[in-house]
Amino acid sequence: MKRIVSVWLPDWPITVWSRMAGRSPPPDDVPFALVEKGPRGLVLSATNRAARKLGHSTGQAHADARAASPDLVTQPAEPDRDAEALRLLSLWAERYSPCVAMDAASPGREGLLIDMTGGAHLFGGEIALLTDMAVRLKAAGMPARLAMADTAGAAWALARYGPRDTRRLVPVGGNRTALAALPVVALRLDEADVKLLSRLGLRTIGDLMALPRSGLARRFRGEAGLTLVRRLDQALGAEPEILEPIRRPPVWRVWRNVLEPLIDVPGIETVLTDLAASLSESLERDGQGARRLTLTAFRVDGRATHLSVALSVPSIRPAHLAKVLKERGLEHLDLGFGADAVMLSADVVEPLTAIQSDLDKGRDGDQRLALAALLDRLGARLGESAAFHLEAQASWLPERSQRRRPAGEGPPPALQGAGEPPPLPDRPLLLLDPPEPVTVPLASLPDGPPASFVWRRVTHRVSRAQGPERLSTEWWRPGKRPLPERTRDYYRVEDREGRRYWLFREGLYQREDQAVEPPAPGETESRLVDRPPAWWMHGVFA
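Residue numbering for the sequence shown follows the working numbering, starting at 105 and increasing by one per position.
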């Protein structure tokens with residue numbers, strides 16, 4: 105049987121306004137409201153208890169409210185800030201369960217739904233769980249009413265329309281009895297449907313439960329009837345209701361609650377060592393290895409702080425998991441006045457594969473593990489993109505033939521190949537990207553190598569040259585320049601000082617020395633322009 109907790113925050117927008125503004129909420133005897141733009145001007149979007157006692161409610165025109173109560177204090181509402189604050193609160197509530205949803209029935213601003221199925225015993229039972237939630241929310245200055253029942257609909261109804269105590273616990277199987285005396289509005293119905301039910305004499309959920317489902321559907325034709333029956337069945341557990349958590353809960357996670365708040369890095373390190381060992385056992389049992397870890401510290405003030413790190417290969421070694429997070433920097437965790445709960449989760453996992461070691465003391469396997477550990481530490485300390493390897497790409501143009509791939513996105517390159525790689529053209533040790541322009545005052549032939557060239561204001565006289573190596577354009581790739589790319593002739597040249605360079609001539613004489621230029625802004629016709637071949641420096645040999 106499922107067990108759902110509904111957390112209702114009745115004055116949530118006003119609470120958020122008070123906390124964000126850095127001031128205490130208005131006194132209980134001062135009428136206060138937040139206003140927002142409506143279709144016909146400003147309307148009240150939230151009211152405190154004093155304003156409600158004077159008859160003010162959400163949706164009331166601001167002008168009418170001020171006319172009736174000149175002492176009414178108003179401030180502009182900030183619904184986006186309210187929603188973001190509720191999202192942060194839902195992350196804090198993950199200390200109790202990985203499945204926390206923002207209450208969709210309250211325009212995403214007034215409550216949470218927490219799936220505590222099978223988890224209440226971790227907090228000393230259901231009564232102790234609700235008490236702990238209420239105490240923590242009250243200490244954080246967030247008035248709340250809580251209810252726990254078998255369904256989200258029943259918990260929602262009891263939190264808002266049940267007895268006035270701050271905690272309401274419905275025993276397993278007790279939904280019908282607990283809901284019978286509540287008004288029909290507790291089923292999350294529209295105002296028009298509630299008024300129609302009232303005219304028909306159906307004022308409580310018990311009145312609806314006494315009627316057959318077919319009769320309800322006939323009385324309310326169309327979508328209204330289907331909604332009424334669905335909401336009633338969801339509250340009673342006859343129809344399932346799926347909660348959409350604020351984020352996908354990690355399957356592999358472990359956590360620890362501590363009696364005294366952790367306020368420094370040594371305290372976090374002690375807990376981290378135990379968490380890494382527990383998480384490693386869970387992953388090994390399922391044959392999985394962690395590729396991304398997240399350490400979450402739940403602070404006493406209701407906030408949560410996170411630290412994430414990626415691993416280059418799947419790992420379950422507890423010492424390595426803890427060490428990588430320490431390298432990332434536990435001091436980056438903002439502990440505030442202390443954290444009383446810590447969670448370690450493996451957000452990304454991959455199947456764990458065994459590494460076959462050589463007979464001579466496992467040289468290859470040990471080297472692979474050592475390389476992976478080094479990449480993880482470099483990525484944790486310098487950033488995930490700092491450690492990388494080069495990955496070949498299907499292109500014969502030198503600047504496109506490889507790309508950087510972060511070590512955390514894939515396995516590192518093999519240390520030893522199974523055989524000799526295929527022969528590759530001679531390429532320079534240093535590749536200039538982008539190529540740098542070169543001036544060639546004289547070439548042996550129009551299509552031949554240069555006799556001398558000027559690069560970076562220095563003249564080099566060529567003593568030997570090899571080439572050309574012709575590379576055609578990749579016509580299927582869209583170019584970044586307005587004019588089309590041209591054929592390249594590469595030459596390996598050596599100057600009189602013995603330095604070797606890799607140059608290329610872009611464009612062929614009498615075949616690629618003209619091009620059609622697209623029309624400029626404001627023009628309609630293209631132009632034929634001269635494009636004499638140009639020389640470029642693309643690399644330097646060792």
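The C-beta atom is built at its ideal place from N, Cα and C for all residues, glycine as well.
- Nearest to D551 by C-alpha distance, out of L366, W639, V239, is W639.
- DSSP, reduced to helix, strand and coil, places E188 within a helical segment of the structure shown.
- Taking 8 Å as the upper bound for CB-CB distance, V333 and L315 are not in contact here, some 10 Å apart.
- By the 16-neighbour rule on beta-carbons within 10 angstroms, S149 is buried.
- Judged by pairs of C-beta atoms under 8 Å, the stretch 385–392 does not touch the stretch 432–441, as fewer than three such pairs exist.
- Less than 8 Å divides the Cβ of D207 from the Cβ of L216.
- When only Cα atoms are considered, L293 and Y265 end up about 13 Å apart.
- Taking a cut-off of 8 Å for Cβ pairs, the stretch 558–578 and the stretch 591–609 touch, as three or more such pairs fall below it.
- The DSSP-derived three-state label of F136 is strand.
- In this structure, A197 and L113 do not form a Cβ contact; the two beta carbons are roughly 12 Å apart against a cut-off of 8 Å.
- Sorting G277, L546, D444 by C-alpha distance to the C-alpha of M252 places G277 at the top.
- In this structure, the beta-carbon distance from E348 to A205 falls below 8 Å.
- Taking C-beta atoms as the reference points, L340 and R360 fail to come closer than 8 Å.
- Leaving aside the five residues that flank A181 on each side, the residues in its chain whose CB is nearer than 7 Å to its CB run, in chain order, P117, L138, V139, E140, S149, A150.
- The three-state reading of DSSP puts F645 in coil, since its state is none of H, G, I, E or B.
- Beta-bridge annotation (DSSP): S416 is not paired with any residue.
- Rounded to the nearest whole angstrom, the C-alpha separation of P502 and G571 is 16 Å.
- Residue pairing by DSSP puts A638 in a beta bridge opposite E610.
- R307 has its alpha-carbon roughly 13 Å from the corresponding atom of A296.
- In this structure, V413 and V428 form a Cβ contact; the two beta carbons are roughly 5 Å apart against a cut-off of 8 Å.
- L494: member of the beta strand (DSSP E) spanning 492–496, first to last residue.
- Distance from V147 to G159 at the Cβ level is roughly 15 Å; contact not present, criterion being Cβ atoms closer than 8 Å.
- Put simply, the backbone Cα of V298 is about 25 Å away from that of R144.
- In its chain, beyond the 5 residues on either side, L415, S416, V428 have a beta carbon closer than 6 Å to the beta carbon of D480.
- Annotation: the stretch 294–326 contains the following complete segments of the alpha helix (DSSP H) (minimum length 4 residues), in chain order: 295–303, 309–313, 317–323.
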